Amino acid sequence: MGAHHDARPTRHPTEPCRRAAHRDPVDRGRLTVHTTPDPTSAPVPPNASPPSSGPPRPRAIAIVTAAVAAGVVAVAGLLAIPAPRGLAEPTGDAALIDALAPALAGHHVVAAVLVDGAGTRHAGFGADESHEFEIGSVTKTVTASLLADAVERGEVTLDTTVADLVGERASGSPAADVTLRELASHTSGLPRLDATTTAASIVPGILRHDPYSLAPDEVVDAALAEQLTTRGTVAYSNLGSALLGQLLAERAGVPFEKLAAERFVAPLGLGATRFPTTPAELGPGAPTGANEARQSAGAWTMRGYAPAGCARSTTADLAIVLRAAMSGELPGQEPFEAVAPVGEGTEVGLAWFRTSLDDGRNVVWHNGMTGGFASFVGYVEGEERGIAILTDTAASVDEVAFGILEGSVPA
Numbered sequence: 001m002g003a004h005h006d007a008r009p010t011r012h013p014t015e016p017c018r019r020a021a022h023r024d025p026v027d028r029g030r031l032t033v034h035t036t037p038d039p040t041s042a043p044v045p046p047n048a049s050p051p052s053s054g055p056p057r058p059r060a061i062a063i064v065t066a067a068v069a070a071g072v073v074a075v076a077g078l079l080a081i082p083a084p085r086g087l088a089e090p091t092g093d094a095a096l097i098d099a100l101a102p103a104l105a106g107h108h109v110v111a112a113v114l115v116d117g118a119g120t121r122h123a124g125f126g127a128d129e130s131h132e133f134e135i136g137s138v139t140k141t142v143t144a145s146l147l148a149d150a151v152e153r154g155e156v157t158l159d160t161t162v163a164d165l166v167g168e169r170a171s172g173s174p175a176a177d178v179t180l181r182e183l184a185s186h187t188s189g190l191p192r193l194d195a196t197t198t199a200a201s202i203v204p205g206i207l208r209h210d211p212y213s214l215a216p217d218e219v220v221d222a223a224l225a226e227q228l229t230t231r232g233t234v235a236y237s238n239l240g241s242a243l244l245g246q247l248l249a250e251r252a253g254v255p256f257e258k259l260a261a262e263r264f265v266a267p268l269g270l271g272a273t274r275f276p277t278t279p280a281e282l283g284p285g286a287p288t289g290a291n292e293a294r295q296s297a298g299a300w301t302m303r304g305y306a307p308a309g310c311a312r313s314t315t316a317d318l319a320i321v322l323r324a325a326m327s328g329e330l331p332g333q334e335p336f337e338a339v340a341p342v343g344e345g346t347e348v349g350l351a352w353f354r355t356s357l358d359d360g361r362n363v364v365w366h367n368g369m370t371g372g373f374a375s376f377v378g379y380v381e382g383e384e385r386g387i388a389i390l391t392d393t394a395a396s397v398d399e400v401a402f403g404i405l406e407g408s409v410p411a
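Counting from 1, one number per residue, gives the positions in the sequence shown under full-length UniProt numbering.
Below you can see the structure in the form of structure tokens.
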């Protein structure tokens, strides 16, 4: 994500216990992954190399981009004075607060929910379960649920190809025979970002603005123009996830944000989750966050890349999602079916990652990161124990989340 986040996994979806830490550029790359231009995060297994952020730019473009960036840096430096931010006042479940607080140095507003057989426990720092956060690449799990739902409706199959859905538009494209399963599992061979977004995200990244500007149709065209360099292996791709969401929306005949609202939000009874894809849809007064240097960051709505990371949600809603996922009621989660290995101890299914703990248990999870937020949602497979952590700081919370799930951090 050129812009880095939320699409950037940061730690790798993996490394569990050894733990996972990633980010998405959209998430900042969450999974672990990147740091740079990729606004959405991607999980990455321990010891795995982070996914590339896209094809190299021609030297001439790179030189011009560097010159422009240098000028922007000079201006941005005047605006980069960090705002005073410390961890806000705690509220909610005392045990969960005690588990989280030591791991949240550098964070400001945070909300968490732990769901298990004993009930649902909320804790927050300057936030309660109704506070809205960007969830970055966790949005990809919604897109995967929309895929599973479309399969159940008979609209597509996991083996439906890009060409099946866009017809002659895909003629001659390397991506023509890529399947929806490959897009959902990051095995399509598409790069993290398309070449245009990679090049155009430099300045927004420096200014800490949303780096995604392509419209839905432009995302499809950009994906069709890319070469497939890693097909058959896992290479985290915001472009692939965005293409998947736009293809599903086109097949259903509605915009992605409406598809997500009708087929994900409404059936689950979520009260606050939304998918703004433009500043106008976001509306005034929406919460914004800050990067790890405590510099304020603009909201991300991501336009055509929305299926890879535009969602905003609350821990109240994510508690519902977790229970649906753990019970097998969430489309695409019944049960988790691995598609490809990501690295030692981690594999990917339809968007979700599964990491094996040292004691043999498995954690199913996804993280996210945007320019000013980070997120983690995961649960222990076969157990009634799940957690969601949301923060308005673009810094990973994977480590403490895995610690609570595996039990090394009492909560």
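Where a beta carbon is used, it is the ideal one built from N, C-alpha and C, also for glycine. None of the values given here were measured: they were computed from a predicted structure.
Using a Cβ distance threshold of 8 Å, determine whether the region 386–401 contacts the region 107–125, with at least three qualifying pairs required.
yes
Helix, strand or coil at Ser-408 [DSSP, three-state]:
coil
Quickly, what does DSSP pair Ala-369 with across the bridge? List them, please.
At residue 369 the sequence reads Met, which differs from the Ala that was named. Met-369 pairs with Ala-374.
Take Arg-312 as the anchor and find which of Gln-295, Gly-283 and Glu-329 has the nearest alpha-carbon.
Gly-283
Using DSSP's beta-bridge definition, name the partner residues of Val-348.
Ala-340 and Phe-353
What residues in its chain sit with their C-beta under 6 Å from that of Gly-372, if we drop five residues either side in the sequence?
Thr-288, Gly-289, Ala-290, Ala-297 and Ala-394
Going by the DSSP bridge assignment, what does Ser-313 pair with across the sheet?
Phe-133
Check for me: the beta strand (DSSP E) holding Gly-269 runs from which residue to which?
It is not in any beta strand (DSSP E) - Gly-269 carries neither H nor E in the DSSP assignment.
In chain order, what residues of the same chain lie with their CB nearer than 8 Å to the CB of Asp-194, ignoring the 5 residues before and after it?
Gly-54, Leu-214, Val-219, Ala-222, Ala-223, Ala-225, Glu-226 and Leu-239
Only counting the same chain, and skipping five residues up and downstream in sequence, which positions put a Cβ closer than 6 Å to that of Ser-327?
none
Would the region 137–147 count as touching the region 368–386 if we require 3 or more Cβ pairs under 8 Å?
yes
For Glu-381, collect the residues of the same chain with a Cβ closer than 6 Å to its Cβ; drop the 5 residues on either side in sequence, then sort them by chain order.
Asn-362 and Val-364
If we count the other Cβ atoms within 10 Å of its Cβ and call it buried at 16 or more, is Ala-48 buried or exposed?
For Ala-48, the predicted model reports a pLDDT of 32, less than 50, meaning its position is unreliable and no value from the coordinates is stated.
In whole angstroms, give me the CA-to-CA distance for Phe-353 and Glu-384.
18 Å
Less than 8 Å separating the beta-carbons of Ala-306 and Phe-264?
no
Could you give the distance in angstroms between the alpha-carbon of Thr-273 and the alpha-carbon of Asp-128?
15 Å
According to DSSP, is Val-151 helix, strand or coil?
helix
What do you reckon, are the CB atoms on Leu-244 and Leu-180 nearer than 8 Å?
yes
Have a look at Gly-386, Thr-370, Leu-357 and Thr-346 and flag the residue whose alpha-carbon is nearest the alpha-carbon of Ala-324.
Gly-386
Answer yes if the region 250–264 comes into contact with the region 197–212, meaning at least three C-beta pairs across the two stretches below 8 Å, and no otherwise.
no
Who does Arg-121 pair with in a DSSP beta bridge?
Leu-114
Rounded to a whole number of angstroms, what is the C-alpha to C-alpha distance between Gln-246 and Leu-147?
11 Å
Can you tell me where the alpha helix (DSSP H) with Arg-385 in it begins and where it stops?
No alpha helix (DSSP H) holds Arg-385; the beta strand (DSSP E) holding it covers 385–391.
Taking a contact to mean a Cβ-Cβ separation below 8 Å, would you say Leu-228 touches Leu-190 in this structure?
yes
Near Glu-155, what residues of its chain come up, given a Cβ to Cβ distance below 6 Å and the 5 sequence neighbours on each side ignored?
Arg-251
Whole-angstrom Cβ separation of Thr-346 and Ser-130, contact assumed at under 8 Å?
Not confirmed; about 33 Å, so no contact.
Exposed or buried, Ser-171, counting other C-beta atoms within 10 Å across all chains shown (16 or more means buried)?
exposed
Any alpha helix (DSSP H) of 4 or more consecutive residues that is wholly inside the region 162–195
162–166 and 180–184
Taking Thr-230 as the reference, give the member of Glu-292, Glu-334, Pro-174 and Arg-294 with the closest Cα.
Pro-174
Enclosing alpha helix (DSSP H) for Pro-211 [first to last residue]
It is not in any alpha helix (DSSP H) - Pro-211 carries neither H nor E in the DSSP assignment.
I need the DSSP call for Ser-396, collapsed to helix, strand or coil.
coil
Please classify Arg-362: does DSSP put it in a helix, a strand, or coil?
At residue 362 the sequence reads Asn, which differs from the Arg that was named. In the structure shown, Asn-362 sits in a strand (DSSP, three-state: E or B).
Looking only at C-alpha atoms, which of Gly-232, Leu-248, Ala-293 and Ala-401 sits nearest to Pro-216?
Leu-248
Apply the 10 Å Cβ neighbour rule to Ala-401 and answer buried if 16 or more other Cβ atoms are within range, or exposed otherwise.
buried
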